[in-house]
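For any residue, its number in the working numbering is found by taking its place in the sequence shown, counting from 1, and adding 2.
We put the beta carbon where it would ideally sit given N, CA and C, even for glycine.
Structure first, then comments.
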Amino acid sequence: MGGARTPFGSFGGNLKDVFAVELGAIASREAIEKSKVQAEEIEHMFGRSI
């Protein structure tokens, strides 16, 4: 099984106009794809904010 994460960027850099939820969705889709689990089989997902 694999994981995925959002990219690193500098403050005010290229990612400044991308919402955190959007970045999380990208990482979630990639983690699901890497895991080979069908998205329909996932009942709950938990996130963490810092």
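Take the alpha-carbon of Glu-42 and the one of Ile-34: they are about 10 Å apart.
Collapsing the DSSP output to three states places Leu-25 in a helix. In this structure, the alpha-carbon of Arg-31 lies about 14 Å from that of Ala-22. In this structure, DSSP gives Glu-35 a helical state, which the three-state scheme calls helix.
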